[in-house]
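Before any comments, here is the structure.
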Amino acid sequence: MPHIVIPVENITTTPEPVTCANCQACCCQLEVRIVTDTGVPFNYIEYDKWGSEVMKRADDGWCQALDRNTLMCSIYENRPLVCREFEMASDECITERDLAGI
Numbered sequence: 042m043p044h045i046v047i048p049v050e051n052i053t054t055t056p057e058p059v060t061c062a063n064c065q066a067c068c069c070q071l072e073v074r075i076v077t078d079t080g081v082p083f084n085y086i087e088y089d090k091w092g093s094e095v096m097k098r099a100d101d102g103w104c105q106a107l108d109r110n111t112l113m114c115s116i117y118e119n120r121p122l123v124c125r126e127f128e129m130a131s132d133e134c135i136t137e138r139d140l141a142g143i
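In the numbering used here, the protein residues as written are 42 to 143.
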């Protein structure tokens with residue numbers, strides 16, 4: 042009886058690791074409260090309906106400090122604490138990427 046070879050398909054895919062080169066800045070669509078003074082320039086700050094300082098957003102919901110050509114923060118050295126603590130490739134990052142369809 043001849044042996045039948047059945048091709049094996051890899052049904053799991055390993056996602057590409059998140060790096061600065063493929064980030065796509067989807068976290069820059071989240072609301073960012075400013076809770077400490079990190080030196081965010083005043084022109085990037087607005088107040089929410091409760092009077093809290095938040096990062097200003099463009100009409101399409103993206104953070105005003107995001108450089109749309111590079112998808113990098115234009116005020117990186119002065120970014121809010123929340124942005125400093127949001128780790129690339131963390132569970133929260135992967136969730137936001139999934140929600141954005143990345």
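Where is the CB? At the ideal position from N, CA and C, for every residue including glycine.
Predicted model only: the values in this text are computed from it and were never measured.
Item, Value
"Length of the line joining the Cα atoms of E57 and R138", "12 Å"
"Residue closest to E126, alpha-carbon to alpha-carbon, out of I45, C68 and T60", "C68"
"Distance between L112 and A66 (C-alpha atoms, nearest Å)", "6 Å"
"Beta-ladder partner(s) of V95, from DSSP", "R74 and E87"
"Check whether L122 and C114 have beta carbons under 8 Å apart", "no"
"Three-state secondary structure (DSSP) of C61", "coil"
"Close-in-space but distant-in-sequence residues of the same chain around N119 (CB under 6 Å, 5 per side omitted)", "T79, G80 and V81"
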